[in-house]
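A.B. asks: Chains as they are written, first to last, in the numbering used here: chain V, 21 to 104; chain X, 132 to 496.
1. Taking the alpha carbon of residue 195 of chain X as the point to measure from, which residue in X:374, X:226, X:414, X:221 has its own alpha carbon closest?
2. Thinking just about the alpha-carbon of each residue, which of X:164, X:174, X:367, X:193 is nearest to the one in residue 180 of chain X?
3. Against residue 268 of chain X, what residues of chain V qualify as contacts under a CB-to-CB distance less than 7 Å, listed in chain order?
4. Could you tell me which chain X residues have their CB closer than 7 Å to the CB of residue 80 of chain V, listed as they occur along the chain?
5. What does the alpha-carbon distance come out to for the pair residue 380 of chain X and residue 468 of chain X?
6. Within 8 Å (strictly less), CB to CB, does residue 247 of chain X reach chain V?
7. How far does the beta strand (DSSP E) with residue 486 of chain X in it extend, from its first residue to its last?
8. Determine whether the Cβ of residue 386 of chain X lies closer than 8 Å to any Cβ atom of chain V.
9. Between residue 75 of chain V and chain X, is any beta-carbon pair separated by less than 8 Å?
10. Going along the chain, which residues of its own chain have a beta-carbon closer than 6 Å to the beta-carbon of residue 389 of chain X, five neighbours each way excluded?
11. By Cβ distance, which residues of its chain are closer than 8 Å to residue 482 of chain X, with the 5 residues on each side in sequence left out?
12. Does the beta carbon of residue 254 of chain X come closer than 8 Å to any beta carbon on chain V?
13. Under 8 Å, Cβ to Cβ, is there at least one residue of chain V near residue 163 of chain X?
14. Which residues of chain V have a Cβ atom closer than 7 Å to the Cβ of residue 208 of chain X, listed in chain order?
15. Between X:262, X:224, X:282, X:329, which lies nearest to residue 374 of chain X when the distance is taken from Cα to Cα?
16. In the DSSP output, what is residue 383 of chain X paired with across the bridge?
17. Do we get a CB-CB distance below 8 Å when we pair residue 211 of chain X with the residues of chain V?
18. Check the Cβ of residue 202 of chain X against every Cβ in chain V and list those closer than 7 Å, keeping chain order.
19. Looking at the secondary structure, which residues open and close the beta strand (DSSP E) in which residue 424 of chain X lies?
20. Would you tell me roughly how many angstroms separate the C-alpha atoms of residue 54 of chain V and residue 363 of chain X, rounded to the nearest one?
21. Nearest by alpha-carbon distance to residue 145 of chain X: which of X:347, X:161, X:223 is it?
22. Could you tell me the distance, in whole angstroms, from the CA atom of residue 100 of chain V to the CA atom of residue 268 of chain X?
23. According to DSSP, simplified to helix, strand and coil, what is residue 335 of chain X?
24. Return the bridge partner residues of residue 408 of chain X from the DSSP annotation.
25. So what's residue 364 of chain X in DSSP terms, helix, strand or just coil?
26. Does the distance from the CB of residue 428 of chain X to the CB of residue 444 of chain X come in under 8 Å?
27. Tell me which residue opens and which closes the beta strand (DSSP E) that residue 318 of chain X is part of.
28. Whole angstroms is fine: what's the gap from residue 286 of chain X's alpha carbon to residue 454 of chain X's?
29. Could you work out which residues of chain V lie near residue 260 of chain X, taking near to mean beta carbons separated by less than 9 Å?
30. Could you tell me if residue 21 of chain V is buried or exposed, where buried requires 16 or more neighbouring beta carbons within 10 angstroms of its beta carbon?
31. What does residue 167 of chain X touch in chain V if you count any residue whose Cβ is under 8 Å from its own?
32. Using C-beta distances below 6 Å, list every residue in its chain close to residue 238 of chain X, excluding the 5 sequence neighbours before and after it, in chain order.
33. Does the CB of residue 240 of chain X have a neighbour CB from chain V at under 8 Å?
34. Measure from the C-beta of residue 214 of chain X to each C-beta in chain V and report whether the shortest distance is under 8 Å.
35. Quick one: Cα of residue 205 of chain X to Cα of residue 212 of chain X, how far?
36. From what residue to what residue does the alpha helix (DSSP H) around residue 478 of chain X run?
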């Protein structure tokens with residue numbers, strides 16, 4: 021059965037999620053930390069978009085299935101927006 | 132489709148292999164790329180001419196990390212390759228991460244599969260959310276010898292460039308939909324408490340504790356297995372699953388294929404007249420395995436490792452009107468026979484059919 025992620029894993033997971041959504045779902049890289057809190061909802065929206073695309077349960081949360089999907093080797097072209 | 136619907140304004144395109152990976156022989160790289168181009172040329176009016184020196188429409192190269200296109204690679208795994216939509220300059224070009232283990236088989240990453248996918252982008256396609264499509268974003272190995280361009284990709288590319296000039300229009304496989312009432316199965320088995328339903332190159336995996344059903348390529352777990360498995364059963368006592376296709380069978384112990392397989396089914400005692408097995412199940416209480424072939428069935432004694440005398444017998448005599456058996460498995464003392472979209476629940480103690488359901492009844496539709 022799934023084991024609850026350790027604290028360290030959580031940090032790693034957040035990085036994975038943000039990088040994945042920046043690479044493939046056009047999540048803007050906002051470099052102003054205080055916006056990061058506000059950005060979290062935006063991140064949840066992007067996460068839902070990714071979960072919908074892959075037919076996962078749309079939770080807006082980086083659950084186990086979502087992280088598993090993000091760890092799969094894949095093409096570098098984004099799943100949404102124009103790749104220029 | 133890629134936003135803005137970019138497409139090449141001409142059908143006769145050129146390509147050039149700018150450099151080669153060190154992981155494969157150059158002739159194997161050439162062959163993989165030619166086969167990948169043919170995937171698209173065989174379903175559209177497009178043609179691809181190789182050029183050695185001048186600038187081609189599609190420039191194919193292997194690159195490391197940051198390679199000056201604002202999209203750096205990330206070393207082994209992760210990002211495998213990318214390509215650019217039709218257009219001048221970078222447009223149409225395919226970049227492959229040189230730090231991947233490129234191969235021409237199931238090890239590492241199959242170059243043919245990845246290049247075929249990236250060429251879809253070079254021609255104007257975006258990603259598909261059909262898990263069976265070539266344009267699905269995640270890597271999934273398929274034996275190149277068995278590869279057929281799925282219908283989802285054919286529909287996409289023909290919407291951009293039109294149909295091929297062939298008299299007979301090519302069609303491709305579709306991805307099974309779990310709750311499709313017309314879904315039938317090639318074979319079904321239990322596997323360490325889960326249920327595995329085989330359909331073409333796919334397996335639907337149902338864990339009793341999870342509501343969703345997982346759809347995977349058979350090759351994801353067993354790259355050396357063919358698609359189109361025809362029969363399967365689990366011998367729980369031996370922790371083995373036996374898989375059958377045509378006159379051969381494989382043994383999986385735990386989750387790994389046992390070395391030395393496939394072997395001829397005749398080793399199990401079938402006569403040479405039997406060319407394939409339609410379905411099988413193992414009765415864990417008696418240790419007997421039942422094999423269904425056309426309208427007859429054999430019974431195999433797992434302890435004696437031989438077929439019981441007095442077989443084959445007519446299916447209808449001992450199991451009733453269940454027709455040709457596509458797939459069968461035993462669970463919780465009942466045997467479930469699948470015939471097209473119908474499933475019969477058979478009680479071996481009462482020796483009669485006690486209920487029948489739709490074939491997709493296990494999937495919480």
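Ideal Cβ positions, reconstructed from N, Cα and C, are used throughout, including at glycine.
Only a predicted model underlies this, so the values are computations on that prediction, with no experimental measurement involved.
C.D. replies: Taking the geometry as given:
1. It is X:226 whose Cα lies nearest to the Cα of residue 195 of chain X.
2. X:164
3. What residue 268 of chain X touches in chain V: 94, 95, 99.
4. None at all; the shortest Cβ gap to chain X is about 18 Å.
5. Between the alpha carbons of residue 380 of chain X and residue 468 of chain X lies a distance of about 21 Å.
6. no
7. 483-489
8. Not closer than 8 Å to any Cβ of chain V, the Cβ of residue 386 of chain X fails to qualify, so no.
9. yes
10. 382
11. Correct list, in chain order: 449.
12. Taking 8 Å as the CB threshold, residue 254 of chain X stays off the interface with chain V.
13. Contact of residue 163 of chain X with chain V is not assigned, every C-beta pair being separated by 8 Å or more.
14. 93
15. X:329
16. X:372, X:388
17. yes
18. 96
19. Segment 419-424, the beta strand (DSSP E) holding residue 424 of chain X.
20. For residue 54 of chain V, the predicted model reports a pLDDT of 46, less than 50, meaning its position is unreliable and no value from the coordinates is stated.
21. Closest by C-alpha distance to residue 145 of chain X, out of X:347, X:161, X:223, is X:223.
22. 11 Å
23. strand
24. In DSSP, residue 408 of chain X forms no bridge with anything.
25. Here residue 364 of chain X sits in strand by DSSP.
26. yes
27. 318-322
28. 36 Å
29. 72, 73, 74, 75, 99
30. For residue 21 of chain V, the predicted structure reports a pLDDT of 49, less than 50, and the residue's modelled location is therefore unreliable. A value from the coordinates is still provided. Exposed, since its Cβ has fewer than 16 Cβ neighbours within 10 Å.
31. Result: empty, since nearest Cβ-Cβ is about 14 Å, beyond 8 Å.
32. none
33. yes
34. yes
35. 10 Å
36. Counting along the chain, residue 478 of chain X falls outside any alpha helix (DSSP H), though it belongs to the beta strand (DSSP E) covering 473-478.
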